[in-house]
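To convert, note that position 149 of the sequence shown is 149 in UniProt numbering; the numbers rise steadily by one, no gaps.
Beta carbons: idealized from backbone N, C-alpha and C, even for Gly.
These notes concern the structure reproduced below.
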Amino acid sequence: MIQLTDISKKFGAHTAVADMNMTLTPGKVMGLIGQNGAGKTTTFRMILNFIEPTSGSILWDDHPITQLDKQRIGFLPEERGLYQKRTVEEQVLYFAELHGMSRADAKSSLIQWMKRLDVVGKPTDKVQTLSKGNAQKVQMIASLIFEPDFIILDEPFSGLDPVNTSLMMSEIIRMRDNGAMIIFSSHDMSNVTKISDDLTMLKNGKTVLQGPVQNIREQFGRTRIYVESPTTATELAAIEGVATVTKQGTGFDLVLSDEAAGRRVFELVTRNGYIPAFSQQPPTLDDIFRQEVAIHD
């Protein structure tokens, strides 16, 4: 278990992270979200001991993280960096051996990783011949081939298309299911929703939301409705408690200012009997993120 207790980091008069508390446990994924400058990368750098906290403690199983512990950490930085004139195999084996993996095991594992992530190319290809997406996947392999116990991913999906994003997500889920502790940052709330067990939201270095993803969504009430009905957008918008109405495919997306308005919407759209679809859900993480950013501005 990784425990961050009352962590703060100041750079002169600027507070980058303020009084952060966080617990990371085996077999769980923590999503760390926030705007640029919120303190996400600073948090990662403190965990890795690249920089020291101004105050607070970071413990792994009740002791400070040591150089030996770092052998068990896989880190994918936001700033990608591979040696362009080296081969894929040279890059990956170098990092694997640094973390105590034998050369033979690393070679065998590299082939499997390249297959799972659908890397177009051979281990003997130079990095400079790879597409941006394939190079990014190779960097992820280099960071994680030794199957670390603790994984830190800084914007791992940045610049990836949906197919490659899905492939990377599958690997993150696989490692989570194998017992790894994982924390990652992302600007895409849909990615956070898909793979995070827990969430920490930062605003100007302060924690504004934290907890299990579904619990966070539920605490904001069921303020989203999707409905398919002959009812018009004008009629829906006229209902008390309906904030917005947006055409979505064959139906409408409604945002409610009051969860109780859902009953009024349901009564209106079912007045003539059967309707094909009606679903009242909590707000998306994207909705919550926008709301919390506005509140704490």
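Quiz prompt | First and last residue of the uninterrupted beta strand (DSSP E) at Gln280 | solution = Against the sequence shown, residue 280 aligns to sequence position 280. Looking at the DSSP string, the run of the beta strand (DSSP E) that includes Gln280 is Ala277 to Gln281.
Exercise. Please go through the stretch 79 to 122 and give each complete alpha helix (DSSP H) segment of 4 or more residues, from N-terminal end onward.
Key: Here the runs fully enclosed are 88 to 98 and 103 to 116.
Practice problem: Have a look at Asn204 and Lys28 and give me their C-alpha separation to the nearest angstrom. | Solution: Translated into the one-based positions of the sequence shown, residue 204 becomes position 204. Translated into the one-based positions of the sequence shown, residue 28 becomes position 28. Those two C-alpha atoms are separated by around 26 Å.
Quiz item: When the Cα atoms are used, what is the spatial distance from Ala135 to Val127?
Solution: Counted from its first residue, the sequence shown places residue 135 at position 135. Counted from its first residue, the sequence shown places residue 127 at position 127. Using only the alpha carbons, I get a separation of about 7 Å.
Quiz prompt | Candidates Gly133, Val242 and Ile145, of which the one nearest Ala180 by Cα | solution = Residue mapping note: residue 180 aligns to position 180 of the sequence shown, counting from 1. Per the Cα distances, Ile145.
Exercise. Using three-state DSSP, classify Met157 as helix, strand or coil.
Key: One-based indexing of the sequence shown puts residue 157 at position 157. Sequence check: residue 157 is Phe here, not Met. In the three-state scheme derived from DSSP, where H, G and I count as helix and E and B as strand, Phe157 is classed as coil.
Quiz item: What number of angstroms, rounded off, separates the C-alpha of Leu48 from the C-alpha of Ser170?
Solution: As a first step, residue 48 must be located in the sequence shown, where it is residue number 48. As a first step, residue 170 must be located in the sequence shown, where it is residue number 170. Those two C-alpha atoms are separated by around 25 Å.
Practice problem: Would you grab the beta carbon distance between Ala106 and Glu97 for me? Rounded to a whole angstrom, and I think it's under 8 Å. | Solution: Counting from one through the sequence shown, the residue named residue 106 turns up at place 106. Counting from one through the sequence shown, the residue named residue 97 turns up at place 97. Sure, about 7 Å apart at Cβ, within 8 Å.
Practice problem: Measuring alpha carbon to alpha carbon, tell me which of Thr43, Leu32, Ile33 and Met30 ends up nearest Ala18. | Solution: On the sequence shown, position 18 is the one that residue 18 refers to. That would be Thr43, whose Cα lies nearest to the Cα of Ala18.
Quiz item: Roughly how far, in whole angstroms, is the beta-carbon of Met30 from the beta-carbon of Ser190, given that I think they are within contact range, below 8 Å?
Solution: Within the sequence shown, numbered from 1, the residue matching residue 30 stands at position 30. Within the sequence shown, numbered from 1, the residue matching residue 190 stands at position 190. The pair is not a contact, with the Cβ atoms about 17 Å apart (cut-off 8 Å).
Quiz prompt | CB contact flag (Gly251, Tyr226, <9 Å) | solution = Here residue 251 refers to the residue found at position 251 when the sequence shown is read from its first residue. Here residue 226 refers to the residue found at position 226 when the sequence shown is read from its first residue. Against a cut-off of 9 Å, the Cβ pair of Tyr226 and Gly251 comes out as a contact.
Quiz prompt | Identity of the residue in Val119, Met201 and Ile216 nearest Met168 by Cα | solution = As a first step, residue 168 must be located in the sequence shown, where it is residue number 168. Nearest C-alpha to Met168: Val119.
Exercise. Between the Cα of Arg224 and those of His99, Phe266 and Ala13, spot the shortest distance and give me the residue it belongs to.
Key: In the sequence shown, residue 224 corresponds to position 224, counting from 1. Cα-wise, what sits closest to Arg224 is Phe266.
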